[in-house]
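From first to last, the protein sequence lines are chains A and B.
The opening residue of the first sequence carries number 1 in full-length UniProt numbering; numbering runs sequentially from there.
The opening residue of the second sequence carries number 1 in full-length UniProt numbering; numbering runs sequentially from there.
Number of protein chains: 2
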Amino acid sequence: MPAYALTQSPTLKAAVTASDRVLLEIQRAIVEGDLPPGSKISEPDLARRFHVSRAPLREALARLERCHLIERLPNVGARVVKLSVDGLVSLYQLREELEGLACRLAAEQMSDEEIEQMQALLDKHLSTQRVRDGESYYQEAGDLDFHYRIILGSKNPYLINILCDELYFLVRMYRVQLGMNGPRVSRAFDEHKAILHAIANRDGELADLLMRRHISASRHNIELTLKNNEEQI
Amino acid sequence: MPAYALTQSPTLKAAVTASDRVLLEIQRAIVEGDLPPGSKISEPDLARRFHVSRAPLREALARLERCHLIERLPNVGARVVKLSVDGLVSLYQLREELEGLACRLAAEQMSDEEIEQMQALLDKHLSTQRVRDGESYYQEAGDLDFHYRIILGSKNPYLINILCDELYFLVRMYRVQLGMNGPRVSRAFDEHKAILHAIANRDGELADLLMRRHISASRHNIELTLKNNEEQI
DNA sequence: GCAGGCATAATTGTCGACACCTTGAGAGTG
DNA sequence: CACTCTCAAGGTGTCGACAATTATGCCTGC
């Protein structure tokens, strides 16, 4: 399998084409709620806004559909996805399964060097977290970085593609729009550490189990916020 | 989650647009080896061949990339994927995990009526198989139909999307190009029956286990053929 | 006042043409 | 002979315009 199979998304490569650029901008806009959930996507409007023609814009829309940030109907158009409890549950069911698998594979496939680099990464995150206690953004970035590395460590290109290119933007959207809060931020570090420890011991089964629990806990956290939000409406 | 989230692929809906039509034709051509693995995809060439302009063709190519039938490089172009043992292993690792999950969810989510319909489907397949013993195509279609129904029964839209829209064309490509052969054809029926029985008993764990074994056996079957093929070259 | 149909406006799908990039062949040089 | 550079040819990325479809608002009729 050629290496470029892993570089389909412009997040992992330089944004060489206009379509890539626009994709990144719209992804950010949707994830951060700049384009609100449920809102209509007008192609002529967006094309003007990002100074491109409709051709690269439509290419970008196709990729946005691929990562579940918009939904399209032929001859009708696209809308930004709405966040829901059902959607969250479905998404995290998959995450538990797939990232569990990623852990098992990573425990077999990652090199000692890669594992050492991850340990260094965790140490770095720990120190910055102590300094900026409560600032969720850094925790957010650090958490995603941790998960990314394990997924890449699985060395399974299809698994990497699904998690990194197709599901993670939606995961980020839930987390950014519903906010990460409370004691989970500090507890997540310990869970990361335990998972990495299991991988370092080449104990794939344990890493799998711990990752599933880690993701399940994260889901419950978001689910609570989401249900509160829905009640407020 | 709206219903049309499940109808992104033209396989499950009417091919209303030119892009849909071309997509279906090229999918078939690649899966059946009409466009051979590794061959270059020339946009002007294909556009002439299918009597459309490059705009809908490129839309179709984007979706072909999504289901891993072609690989693209910016400013370079697209090639039909090559089949390999590594690719097969990666693909079936995912299938085991995801279809196992689908079984667990289907055991919870499927209605009694849906389960009865599946039993009727199996009976029908059994009778046609007895008649046309050895004809792999019908078995092929029947097997896919069985897996499709379980996946749909999971009621998880993301899972359905990944398996039915993104991975199954590649699975079909391996099976069609490497051929299904030997005693597996008849044994697969028994395995299907056992899986469905577990689902009917609402025993998700057992269905999960049986499905993983079923897929694993299928993989070993194809792997053998693939390795023989590579040795011949 | 309301339902239904019609015409208009706006949006999406498709087309052909152009600009830029990559690639491969061939000339030139060490 | 090997290596580099140039350049032409083909292909991809992008653009603006047209055709087909859908949404909107008005009008008519009940």
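All C-beta atoms, glycine included, are put in the ideal place defined by N, C-alpha and C.
So with CB distances below 8 Å, who are the chain B contacts of residue i?
i              : result
L101 (chain A) : Q93, L94 and E97
L159 (chain A) : S90, Q93 and L94
Could you check which residue in the options has the C-alpha nearest to that of residue i?
i                     : options                           : result
V80 (chain B)         : B:K227, B:H125 and B:R28          : B:R28
L69 (chain B)         : B:K227, B:S39, B:F50 and B:H147   : B:S39
P36 (chain B)         : B:A78, B:L57 and B:I195           : B:A78
V16 (chain A)         : A:L46, A:R219, A:P44 and A:P56    : A:P56
residue 236 (chain B) : B:I41, B:R66, B:R95 and B:C67     : With chain B running from 1 to 233 in the structure shown, residue 236 (chain B) is simply not present.
Y168 (chain B)        : A:Y158, A:Y148 and A:L98          : A:Y158
E116 (chain A)        : A:Q93, A:G204, A:R149 and A:L91   : A:R149
A200 (chain A)        : A:A18, A:L224 and A:S111          : A:S111
L170 (chain A)        : A:E25, A:R21 and A:L64            : A:L64
S186 (chain B)        : B:D45, B:L126 and B:L83           : B:L126
G204 (chain A)        : A:P44, A:L101 and A:D45           : A:L101
E114 (chain A)        : A:N228, A:R202 and A:K227         : A:R202
R213 (chain B)        : B:L144, B:K227, B:N229 and B:A188 : B:A188
In chain A, which residues lie with their C-beta within 8 Å of the C-beta of residue i?
i              : result
N156 (chain B) : S90, Q93 and L94
P66 (chain B)  : Correcting the residue type first, residue 66 (chain B) is Arg in the shown sequence and not Pro. Those within 8 Å of R66 (chain B) in chain A are R66.
V16 (chain B)  : P74 and N75
Does the beta-carbon of residue i, which I'm using as the reference point, lie nearer than 7 Å to any heavy atom of the ligand SAM?
i              : result
M211 (chain B) : Within the structure as shown, the ligand SAM is missing, as the structure has no ligands at all.
Terminal residues of the continuous beta strand (DSSP E) containing residue i?
i             : result
E71 (chain B) : I70 to L73
D31 (chain B) : Just to set this straight, residue 31 (chain B) is Val in the shown sequence, not Asp. No beta strand (DSSP E) contains V31 (chain B), which is instead part of the alpha helix (DSSP H) from A18 to V31.
V80 (chain A) : G77 to V80
Quick check on the DSSP output: the alpha helix (DSSP H) that includes residue i runs from which residue to which?
i                     : result
S90 (chain B)         : V85 to Q109
residue 234 (chain B) : Residue numbering for chain B in the displayed model covers 1 to 233; residue 234 (chain B) lies beyond these limits and cannot be assessed.
I160 (chain A)        : P157 to I160
D34 (chain A)         : That residue, D34 (chain A), is in no alpha helix (DSSP H); it is neither H nor E in DSSP.
E170 (chain B)        : Looking at the sequence provided, one finds Leu at residue 170 (chain B) rather than Glu. Element bounds for L170 (chain B): Y168 to L178.
L57 (chain A)         : R54 to R66
L46 (chain B)         : E43 to F50
Grab me the residues of residue i's own chain with a C-beta within less than 8 Å of its C-beta, minus the 5 sequence neighbours each way, in chain order.
i              : result
L210 (chain B) : C103, E191, A194, I195 and A198
Y4 (chain A)   : With a pLDDT of only 33 at Y4 (chain A), under the threshold of 50, the placement of this residue in the model should not be trusted, and no figure is reported.
E25 (chain A)  : F50
I160 (chain B) : L6, I151, L152 and S154
A62 (chain B)  : none
A47 (chain A)  : S53, R54 and L57
P44 (chain B)  : R54
L83 (chain A)  : P37, M173, Y174, Q177, L178 and L226
E223 (chain B) : V85, L88 and V89
N229 (chain A) : L178
I41 (chain A)  : L35, L61, I70, G77, A78, R79 and V80
Note down, in chain order, every chain B residue with its Cβ under 9 Å from the Cβ of residue i.
i             : result
A60 (chain A) : Here the premise fails: no neighbours, minimum Cβ distance about 10 Å.
Under 6 Å Cβ to Cβ from residue i, same chain only, skipping five residues before and after it: list those, please.
i              : result
R172 (chain A) : V31
L163 (chain A) : L98 and I151
M1 (chain A)   : Bear in mind that the predicted position of M1 (chain A) carries a pLDDT of just 34, short of 50, making it unreliable; the figure below should be weighed with that in mind. Once the five neighbours on either side are set aside, the close Cβ partners of M1 (chain A) are P157.
C67 (chain B)  : E166 and F169
A207 (chain B) : C103, A107, I195, A198 and I199
R219 (chain B) : Y92
R72 (chain A)  : E65 and A78
Which bits of chain B does residue i rub up against, with CB to CB less than 7 Å?
i              : result
I162 (chain A) : I162
Cutting at 7 Å between CB atoms, please list the residues of its own chain near residue i, excluding the five before and the five after it.
i                     : result
I215 (chain B)        : Y92, R95, E96 and E99
E59 (chain B)         : S19
residue 236 (chain B) : Here chain B comprises residues numbered 1 to 233, so residue 236 (chain B) is not present and cannot be evaluated.
H147 (chain B)        : E99
P74 (chain A)         : none
Contact the stretch 107-115 of chain A vs the stretch 167-180 of chain A: 3+ CB pairs below 8 Å: no
- prompt: Is it a yes or a no for the stretch 110-122 of chain A touching the stretch 18-33 of chain B, going by three-plus beta-carbon pairs under 8 Å?
  reply: no
- prompt: Pairing CB atoms from the stretch 50-57 of chain B with CB atoms from the stretch 84-95 of chain B, are three or more of them under 8 Å?
  reply: no
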